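For the sequence shown, our numbering begins at 1 and goes up steadily by one.
Built from N, CA and C at the ideal position, the CB exists for glycine as well.
Predicted, not measured: the structure shown is a model, and the values here were computed from it.
Read through the structure below, which is laid out as structure tokens, and then see the notes.
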Amino acid sequence: VDALPAIVESLAWAARHNTITLRRTVSQGVVWLNDRLIARTELAPGKEETPIRKAEAVVRQSEEMALSALPEELRAAFKDAVEELKRSLRNCVWGQA
1 VDALPAIVES
11 LAWAARHNTI
21 TLRRTVSQGV
31 VWLNDRLIAR
41 TELAPGKEET
51 PIRKAEAVVR
61 QSEEMALSAL
71 PEELRAAFKD
81 AVEELKRSLR
91 NCVWGQA
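Listed below in structure tokens is the structure:
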């Protein structure tokens with residue numbers, strides 16, 4: 001999933017509206033942010049990369065890409081939205097939908 005444009009758009013929207021909705025779909029190995037698919041992994045036994053870990057990597061990449069592209073007045077709110085998303089990802093208990 002090429003999630004960078006979707007996550008940047010979702011986080012920019014979240015920054016404007018001060019809301020983040022994070023969902024996990026365990027059986028499909030996916031993570032959604034504001035109804036946008038941001039990470040998908042194969043759930044294979046012993047596989048290192050979990051959907052949450054992949055989502056964290058996508059967040060890092062999109063943060064770097066977006067900060068240079070966003071207007072100055074949205075950057076602080078965007079950073080706040082990213083930090084909130086990172087906290088949400090850290091607090092996820094994978095295995096519960």
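Tell me whether the beta-carbon of residue i lies closer than 8 Å to the beta-carbon of residue j.
| i | j | result |
| --- | --- | --- |
| V58 | V82 | no |
| L85 | R75 | no |
Return helix, strand or coil for residue i, following the three-state DSSP convention.
| i | result |
| --- | --- |
| L70 | coil |
Should residue i be labelled buried (16 or more other beta-carbon atoms within 10 Å of its own) or exposed?
| i | result |
| --- | --- |
| E64 | exposed |
| A55 | buried |
How long is the line joining the alpha carbons of residue i and residue j, rounded to whole angstroms?
| i | j | result |
| --- | --- | --- |
| D80 | E73 | 13 Å |
| S88 | L70 | 23 Å |
| Q61 | F78 | 14 Å |
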